[in-house]
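A short write-up of the structure that comes next.
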Amino acid sequence: MYVHSSEISRSERTLKIVKNDGANVTPLEAWQNTRVLGFDTETTGTNPREDRIITASLIGRLSPSESTNCSERSWIVNPGVPIPPASRAVHGMSSEFVEANGMEPAEALSEIAATIAEETSAGSVLVIFNASYDLTILESELARYNLPALRHRVDTGHVPVFDPLVLDRAFVPRRRGKRRLADLLKHYAVEMPDGLHNAGVDAAATLNLANVMLTFHRQFAEVSPEQINALQKAAHEQWAVDFETFLRERRGDGVHIDRNWPLAEGMGQW
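Here full-length UniProt numbering is used: position 256 in the sequence shown is 256, and no number is missing along the way.
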């Protein structure tokens, strides 16, 4: 779904957001002055309902254009299950290493969720590449250990999630090629860091990518942080319908693409 300026209502186009000091600001100014919190995980696999978190990082910045981190936390988690060789080949974390150095899952997960809740309550926008994976696996893990869900700890109606993957699909739907984090860093000419597939490196790179996208796409002059979740939900649903249709033409009717964002189907609403 390409969100052209003509598709955004006149009221949205001229939306003003009231800052605490009473001054009116445009949507783009709101983006430029909002706190951001990058989140990334490395895990035992690709199934967010069944796999386990083994590392996680949260990086806070005072604004998207700020290159200095104002907060940074990382966790190593002992998942209690073996790390498959295919996953180890991606992120380099071995079962032996996390068993020796990792926290107990319930303790780590509680800290991760509490930190997200604290930072977003202070006004931070969550910045997550492929948010439906990281948020779904976090919610699945919290449920596994009978811990309160993240969506019950935060006011999801007022916590924007900035997902560069979903927004890139929305604004540039016809561009060919893959859209992995490394691909989008290259496309938007963002400096490629060493050590991708490290949660801290990926979280920082995603924040850098978000900053460039905010200046690159004119739609952010019209869509405020408060409106971004609704835009992405609609964009992801349209992408899922189109991609499912494409795959069914080639593989048959058994293909299903999850239409929900930023949590997978059956995981509750954000």
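Beta carbons: idealized from backbone N, C-alpha and C, even for Gly.
With burial defined as no fewer than 16 other Cβ atoms inside 10 Å of the residue's Cβ, what is the status of residue i: buried or exposed?
i    : result
Y133 : buried
V159 : buried
D155 : exposed
T44  : buried
Y2   : Legend: pLDDT at Y2 = 34, less than 50; position of this residue unreliable, value from coordinates given subsequently. Exposed is the call here.
R52  : buried
S87  : buried
G177 : exposed
N101 : exposed
M213 : buried
G22  : Because the pLDDT of G22 is 40, which lies under 50, any placement of that residue in the model is unreliable, and the question is left without a value.
T68  : exposed
T46  : exposed
D183 : exposed
S9   : No answer about S9 holds up, because its pLDDT of 36 lies below 50 and its placement is not dependable.
N24  : exposed
N146 : exposed
D194 : exposed
V81  : exposed
Leaving out the 5 sequence neighbours to the left and right, which residues in its chain are closer than 7 Å to residue i when beta-carbon positions are compared?
i    : result
S124 : R35, V36, L37 and G60
N211 : P64 and S65
V255 : E244, L247 and R248
R250 : none
L62  : R35 and C70
Just to confirm before moving on: does the CB-CB distance between residue i and residue j stay below 8 Å?
i    : j    : result
T206 : P164 : yes
L263 : E139 : yes
G252 : S74  : no
I54  : P85  : no
W261 : V166 : yes
A149 : G268 : yes
R259 : A240 : yes
L209 : L196 : no
N198 : H91  : yes
Going along the chain, which residues of its own chain have a beta-carbon closer than 6 Å to the beta-carbon of residue i, five neighbours each way excluded?
i    : result
S71  : G60
A204 : I59
R49  : S140
V77  : I53, I54, G102, M103, P105 and A108
F220 : L28, W31 and L214
L190 : It should be noted that the sequence gives Val, not Leu, for residue 190. So the qualifying residues of the chain are N208, L209 and V212.
E265 : D258
T120 : V154 and V159
Go through its chain and collect everything with a Cβ distance to residue i's Cβ below 8 Å, but skip five positions before and after it.
i    : result
I83  : T44, I54, M93, S94, S95 and V98
R179 : L165, D168 and R169
L142 : L109, A113, P148, A149 and L150
R153 : A113, A114, I116 and A117
Y188 : L209, V212, M213 and F216
Below 8 Å, how does it come out for the segment 26-41 and the segment 217-224: are there three or more Cβ pairs, yes or no?
By the C-beta criterion, the segment 26-41 is judged to be in contact with the segment 217-224, since at least 3 inter-stretch pairs fall below 8 Å.
Is it the case that the segment 102-116 contacts the segment 56-70, given that we only count it when at least three CB pairs across the two stretches are under 8 Å?
Result yes; three or more Cβ-Cβ pairs closer than 8 Å.
Inter-stretch contact at 8 Å, needing at least 3 Cβ pairs: the segment 125-142 / the segment 36-43:
A contact exists between the segment 125-142 and the segment 36-43.
| query | Are at least three pairs of beta-carbons, each pair with one atom in the segment 166-186 and one in the segment 224-243, less than 8 Å apart? | reply | With the cut-off at 8 Å, the segment 166-186 and the segment 224-243 touch.
Mind listing, in chain order, the continuous alpha helix (DSSP H) runs of no fewer than 4 residues lying wholly within the segment 50-100?
Within the segment 50-100, the alpha helix (DSSP H) runs of at least 4 residues that lie entirely inside it are, in chain order, 85-91.
If you scan the segment 179-205 from start to end, which runs of the alpha helix (DSSP H) of 4 or more residues do you find wholly inside it?
The qualifying runs are 181-187.
field: Length-filtered (4 minimum) alpha helix (DSSP H) runs lying within the segment 111-146
entry: Listed in chain order, the complete alpha helix (DSSP H) runs (minimum 4 residues) inside the segment 111-146 are 131-144.
task: Could I get the ranges of all uninterrupted alpha helix (DSSP H) runs contained in the segment 203-252, with 4 residues as the minimum, in chain order?
output: Runs of the alpha helix (DSSP H) lying entirely within the segment 203-252 and spanning at least 4 residues, in chain order: 228-251.
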